[in-house]
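First comes the structure, then the notes that go with it.
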Amino acid sequence: MLVYTSSLAKTKIDRIATQQPECHLSCGGVTILYPFGIGKGCFRNGFEITCELSNTTHKNYVPILAGTNLQVLNISLVVAEVQVQPLNGWQCYNQSAVQAYYSAEADLNPTSVYRISNTSVSVWLNWALRENNNCTEAKKNPELYGCRITASIVSLLVISLTIIFVYQKRRLRRERDMFFKKNKGIILFEQLVSRKVETMKIFTEEELARITNHFAMVIGRGGQGKVYKGILEDYREVAVKKSVPMLVYEFIPNGTLNSFLHESQLPISLETRLQICTESAKALAYLHFETARPILHGDVKSANILLDRNYMAKVSDFGTSKFLSLDGTQFATFVQGTFGYLDPEFMQSSRLTEKSDVYSFGVVILELITRKKAVYWDGNNERMCLAQLFVSAMRQNDARSTMFDQNIATEENLEVLVGVSELAEKCLRLSGEERPTMTEVVEQLKQFMAMLRATQETSAKPNEFFTVISVEPTEYFTVSASPSGDA
Numbered sequence: 021m022l023v024y025t026s027s028l029a030k031t032k033i034d035r036i037a038t039q040q041p042e043c044h045l046s047c048g049g050v051t052i053l054y055p056f057g058i059g060k061g062c063f064r065n066g067f068e069i070t071c072e073l074s075n076t077t078h079k080n081y082v083p084i085l086a087g088t089n090l091q092v093l094n095i096s097l098v099v100a101e102v103q104v105q106p107l108n109g110w111q112c113y114n115q116s117a118v119q120a121y122y123s124a125e126a127d128l129n130p131t132s133v134y135r136i137s138n139t140s141v142s143v144w145l146n147w148a149l150r151e152n153n154n155c156t157e158a159k160k161n162p163e164l165y166g167c168r169i170t171a172s173i174v175s176l177l178v179i180s181l182t183i184i185f186v187y188q189k190r191r192l193r194r195e196r197d198m199f200f201k202k203n204k205g206i207i208l209f210e211q212l213v214s215r216k217v218e219t220m221k222i223f224t225e226e227e228l229a230r231i232t233n234h235f236a237m238v239i240g241r242g243g244q245g246k247v248y249k250g251i252l253e254d255y256r257e258v259a260v261k262k263s264v265p266m267l268v269y270e271f272i273p274n275g276t277l278n279s280f281l282h283e284s285q286l287p288i289s290l291e292t293r294l295q296i297c298t299e300s301a302k303a304l305a306y307l308h309f310e311t312a313r314p315i316l317h318g319d320v321k322s323a324n325i326l327l328d329r330n331y332m333a334k335v336s337d338f339g340t341s342k343f344l345s346l347d348g349t350q351f352a353t354f355v356q357g358t359f360g361y362l363d364p365e366f367m368q369s370s371r372l373t374e375k376s377d378v379y380s381f382g383v384v385i386l387e388l389i390t391r392k393k394a395v396y397w398d399g400n401n402e403r404m405c406l407a408q409l410f411v412s413a414m415r416q417n418d419a420r421s422t423m424f425d426q427n428i429a430t431e432e433n434l435e436v437l438v439g440v441s442e443l444a445e446k447c448l449r450l451s452g453e454e455r456p457t458m459t460e461v462v463e464q465l466k467q468f469m470a471m472l473r474a475t476q477e478t479s480a481k482p483n484e485f486f487t488v489i490s491v492e493p494t495e496y497f498t499v500s501a502s503p504s505g506d507a
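Following my numbering, the numbering of the sequence shown begins with 21 at its first residue and continues without gaps.
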């Protein structure tokens with residue numbers, strides 16, 4: 021006996037009125053009543069019947085319950101039942117044994133027990149809800165209606181919450197790793213291990229709010245976030261970069277080289293300019309050659325060189341810096357850097373190399389000896405690119421000298437200025453292979469500094485310019501604090 025349970029609700033007899041006029045009302049002598057039906061639009065979902073040739077006679081058509089091989093024999097809307105004819109397993113055997121005075125045996129079942137013969141017996145299928153007039157009343161009796169899956173729902177909820185918790189925890193870990201790399205935590209870690217900087221201090225958000233007076237004094241804005249001034253308990257001044265995570269840096273009181281050159285009216289001696297240039301070159305050379313993995317700054321410009329109280333240069337803002345791959349290149353998916361400092365070779369190939377930083381530093385050298393911006397407006401209100409203009413002037417010796425800052429273009433400084441300008445021209449060559457490394461740039465700048473000081477010792481003229489007197493420039497740039505929070 022086959023038991024069949026329908027999951028559909030009770031359908032009343034008067035629903036037959038919804039059957040379409042063109043629907044077949046019978047098949048094989050069986051009246052097909054709605055919700056059953058033959059053809060599209062003639063039946064309710066789950067009650068389809070197909071009219072097929074009989075498997076036995078192959079002549080007559082018989083109604084078959086769609087999706088099964090059950091032949092429909094009768095449909096009763098009164099009792100909400102349908103009579104079907106499933107297959108039935110049977111087998112009869114007849115074999116006589118010999119009557120004698122000796123024992124014998126006979127196999128009464130020569131076929132397998134699972135054999136299904138082509139014979140059937142009809143059964144009735146219940147296709148409606150019982151003891152209830154509608155679905156609303158049926159739901160009141162869960163013993164007869166629906167599946168009780170309270171435990172399954174609770175289990176599903178617990179599993180879902182666990183998955184969400186694990187996902188959020190992994191996402192937070194990935195974000196921390198990303199911010200650590202983005203803000204050059206690896207560089208800081210290497211510095212701490214080598215003991216070349218002070219021990220790292222971790223600040224909480226509450227501590228940063230207190231030392232910045234609730235972020236009251238904004239001292240800078242950039243693509244990586246606002247920068248606020250703060251004072252530690254030992255009265256050291258710091259700069260707090262309100263990104264995620266927040267970073268605490270050494271506060272540099274004299275601002276950027278860009279402001280020092282282009283906004284201040286104070287005359288600056290060639291010696292001070294060479295000192296700033298040499299210290300900046302040392303910092304970039306350190307990034308390229310002294311770290312465990314070479315690091316490209318990616319946005320070298322005068323606005324990213326800071327000056328402390330003694331006008332010592334410190335390279336800053338590593339928001340676009342990249343680790344150099346093993347083959348010495350780093351592909352960029354978007355143009356990064358600042359117009360006027362961008363390496364033309366990088367613009368064509370999107371391959372960022374250490375020579376890209378060399379090109380940008382060549383523009384900084386030009387700013388120092390000309391005191392002109394990388395991109396500026398001339399007297400005719402036309403935008404000029406300092407690098408292109410200077411390289412063009414280099415082809416004419418007389419034109420080159422006219423571009424030097426007249427405050428330092430004295431006779432005793434001319435030889436050094438010419439040498440520095442030739443170094444800048446090498447840094448600005450279109451082919452990266454023809455440019456010097458930052459280490460070579462440092463060595464040449466040291467030679468020019470020695471040449472300048474030797475010239476000053478033999479000169480009888482007093483120095484009329486603003487000159488910074490300081491100890492030997494530091495070999496490294498430093499970051500004095502680290503990400504906040506529970507990193």
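Don't be surprised by glycine CBs; every beta carbon is placed ideally from N, CA and C.
Exercise for review: On the DSSP bridge assignment, give the partners of P83 in chain order.
Suggested key: Your numbering for residue 83 matches position 63 in the sequence shown. In the DSSP output, where bridge partners are listed per residue, P83 has C71.
Exercise for review: Assign E454 to buried or exposed, taking buried as 16 or more other Cβ atoms, counted over all protein chains shown, within 10 Å of its Cβ.
Suggested key: Here the question's residue 454 lines up with position 434 in the sequence shown. Counting Cβ neighbours within 10 Å, E454 comes out exposed, since fewer than 16 surround it.
Review point. Should L192 go down as buried or exposed, given a rule of 16 or more other Cβ atoms within 10 Å for buried?
Key: On the sequence shown, residue 192 is found 172 positions in, with the first residue counted as 1. L192 comes out exposed.
Practice item. Take every Cβ of the stretch 369 to 380, pair it with every Cβ of the stretch 270 to 282, and state whether three or more of those distances are shorter than 8 Å. Key: no
Practice item. Classify E431 as buried or exposed, calling it buried when 16 or more other Cβ atoms lie within 10 Å of its own Cβ. Key: Translated into positions along the sequence shown, residue 431 becomes position 411. It is exposed - the Cβ of E431 has fewer than 16 other Cβ atoms within 10 Å.
Point to revise | Other residues of its chain near I173: CB distance less than 7 Å, five sequence neighbours each side excluded | key: As a working mapping, residue 173 is identified with position 153 in the sequence shown. Closer than 7 Å at the Cβ level, and outside the excluded window around I173, lies no residue.
Review point. Can you give the Cα-Cα distance for G48 and Q105, rounded to whole angstroms?
Key: Along the sequence shown, read from residue 1 onward, the residue named residue 48 stands at position 28. Along the sequence shown, read from residue 1 onward, the residue named residue 105 stands at position 85. Using only the alpha carbons, I get a separation of about 14 Å.
Practice item. Could you please give the first and the last residue of the uninterrupted beta strand (DSSP E) stretch that includes Q426? Key: In the sequence shown, the residue the question calls residue 426 occupies position 406. Premise fails: Q426 is in no beta strand (DSSP E) and is neither H nor E.
**Study point:** Residue burial classification, D363 (beta-carbon count within 10 angstroms, cutoff 16)
**Key:** Counted from its first residue, the sequence shown places residue 363 at position 343. So D363 ends up on the buried side.
Check your understanding: With burial defined as no fewer than 16 other Cβ atoms inside 10 Å of the residue's Cβ, what is the status of F309: buried or exposed?
Key -> Residue mapping note: residue 309 aligns to position 289 of the sequence shown, counting from 1. By the neighbour-count rule (16 or more Cβ atoms within 10 Å), F309 is not buried but exposed.
Review point. If you count every other CB in all the chains shown that lies within 10 Å of the CB of N324, and 16 or more means buried, which is it?
Key: Here residue 324 refers to the residue found at position 304 of the sequence shown. Buried.
**Study point:** Host beta strand (DSSP E) of S441 (start-end)
**Key:** As a working mapping, residue 441 is identified with position 421 in the sequence shown. That residue, S441, is in no beta strand (DSSP E); its alpha helix (DSSP H) goes 434 to 447.
Check your understanding: What is the residue span of the beta strand (DSSP E) that V92 lies within?
Key -> Stepping through the sequence shown from its first residue, residue 92 is reached at position 72. 91 to 96 is the span of the beta strand (DSSP E), which, as asked, contains V92.
Review point. So does the stretch 303 to 319 actually touch the stretch 257 to 269, counting three or more Cβ pairs closer than 8 Å?
Key: no
Check your understanding: My guess is that I389 and V461 are in contact by the Cβ rule of under 8 Å, so how many angstroms apart are they, rounded?
Key -> The residue given as residue 389 occupies position 369 in the sequence shown. The residue given as residue 461 occupies position 441 in the sequence shown. Wrong, their Cβ atoms sit about 14 Å apart, outside the cutoff.
Check your understanding: Whose CA, out of R241, I222, G250, lies closest to the CA of T232?
Key -> What you label residue 232 is simply residue 212 of the sequence shown in a count that begins at 1. Considering only alpha carbons, the answer is G250.
Exercise for review: Within its chain, find whatever has a CB closer than 7 Å to the CB of Y379; leave out the 5 residues flanking it on each side and keep chain order.
Suggested key: Your numbering for residue 379 matches position 359 in the sequence shown. Counting only Cβ-Cβ distances below 7 Å, and skipping sequence neighbours, we find D363, C447, L448, R455.
Practice item. Taking only the alpha-carbon atoms, compute the straight-line gap between S451 and V335 and give it to the nearest angstrom. Key: As a first step, residue 451 is located in the sequence shown; it is residue number 431 there, counting from the start. As a first step, residue 335 is located in the sequence shown; it is residue number 315 there, counting from the start. Going by the C-alpha atoms only, they are around 25 Å apart.
Review point. Hey, L294 and L465: beta-carbon distance below 8 Å or not?
Key: Here residue 294 corresponds to residue number 274 of the sequence shown, with the count starting at 1. Here residue 465 corresponds to residue number 445 of the sequence shown, with the count starting at 1. Yes, the Cβ-Cβ distance between L294 and L465 is below 8 Å.
Check your understanding: With distances taken from CA atoms, which of Q103, P287, N89, L176 is nearest R391?
Key -> Working through the sequence shown from its first residue, we reach residue 391 at position 371. If we check each option's Cα against that of R391, P287 comes out closest.
**Study point:** Endpoints, the beta strand (DSSP E) within which V104 is located
**Key:** Sequence index remark: in the sequence shown, residue 104 carries index 84 (1-based). Taken as a continuous stretch (DSSP letters only), the beta strand (DSSP E) holding V104 covers 101 to 105.
Practice item. Could you check the C-alpha separation between N401 and M332 for me, to the nearest Å? Key: The sequence position of residue 401 within the sequence shown is 381, counting from 1. The sequence position of residue 332 within the sequence shown is 312, counting from 1. Their Cα atoms are separated by approximately 35 Å.
Practice item. Could you tell me whether the Cβ atoms of Y248 and F235 are closer together than 8 Å? Key: Working through the sequence shown from its first residue, we reach residue 248 at position 228. Working through the sequence shown from its first residue, we reach residue 235 at position 215. Yes. Within cutoff.
Point to revise | Beta-carbon proximity list for T459, same chain, < 8 Å, skipping 5 on both sides | key: Along the sequence shown, read from residue 1 onward, the residue named residue 459 stands at position 439. Cβ neighbours of T459 beyond the five flanking positions: A305, H308, F309.
Review point. Among T358, I52, G399, which one has its Cα closest to the Cα of V383?
Key: As a first step, residue 383 is located in the sequence shown; it is residue number 363 there, counting from the start. Among T358, I52, G399, the Cα nearest to that of V383 belongs to T358.
Point to revise | Residue environment, I385, which counts as buried when at least 16 other CB atoms sit within 10 Å | key: In the sequence shown, the residue the question calls residue 385 occupies position 365. Result: buried.
Review point. Straight-line CA distance for Y187 to G245?
Key: The residue labelled residue 187 in the question sits at position 167 within the sequence shown. The residue labelled residue 245 in the question sits at position 225 within the sequence shown. Y187 and G245: Cα-Cα distance of roughly 28 Å.
Practice item. Hey, could you find the ends of the beta strand (DSSP E) E257 is sitting in? Key: Taking the sequence shown and counting its residues from 1, one reaches residue 257 at position 237. Its beta strand (DSSP E) spans residues 257 to 261.
Review point. In the DSSP assignment, what are the bridge partners of G46?
Key: What you label residue 46 is simply residue 26 of the sequence shown in a count that begins at 1. The sequence given here places Ser at residue 46; Gly does not occur at that position. BP columns for S46 point to T51.
Review point. Hey, how far is the Cα of T51 from the Cα of L93?
Key: The residue labelled residue 51 in the question sits at position 31 within the sequence shown. The residue labelled residue 93 in the question sits at position 73 within the sequence shown. For T51 and L93, the distance between alpha carbons rounds to 9 Å.
Point to revise | Collapsed DSSP secondary structure at G382 in the structure displayed | key: The sequence position of residue 382 within the sequence shown is 362, counting from 1. Helix at G382.
Review point. Nearest to I66 by alpha carbon, out of L73, S74, G57?
Key: On the sequence shown, position 46 is the one that residue 66 refers to. Sequence inspection shows Gly at residue 66; the Ile mentioned does not correspond to that position. If we check each option's Cα against that of G66, G57 comes out closest.
Practice item. Tell me whether C62 sits in a helix, a strand or coil according to DSSP, three-state version. Key: Position 42 of the sequence shown, counted from the start, is the residue given in the question as residue 62. The answer is coil: DSSP assigns C62 none of H, G, I, E or B.
Point to revise | Buried or exposed by the 16-neighbour rule on C-beta atoms within 10 Å, applied to M198 | key: Your numbering for residue 198 matches position 178 in the sequence shown. The residue is exposed, with fewer than 16 neighbouring Cβ atoms inside 10 Å.
Check your understanding: Smallest Cα separation from E195: which of F280, C43, E477, S263?
Key -> Here residue 195 is taken as the residue at index 175 of the sequence shown, counted from 1. The shortest Cα separation from E195 among F280, C43, E477, S263 belongs to S263.
Practice item. Can you tell me which of the three DSSP states T475 falls into? Key: Within the sequence shown, the letter at position 455 stands for residue 475. If DSSP states are grouped into helix, strand and coil, T475 belongs with the helices.
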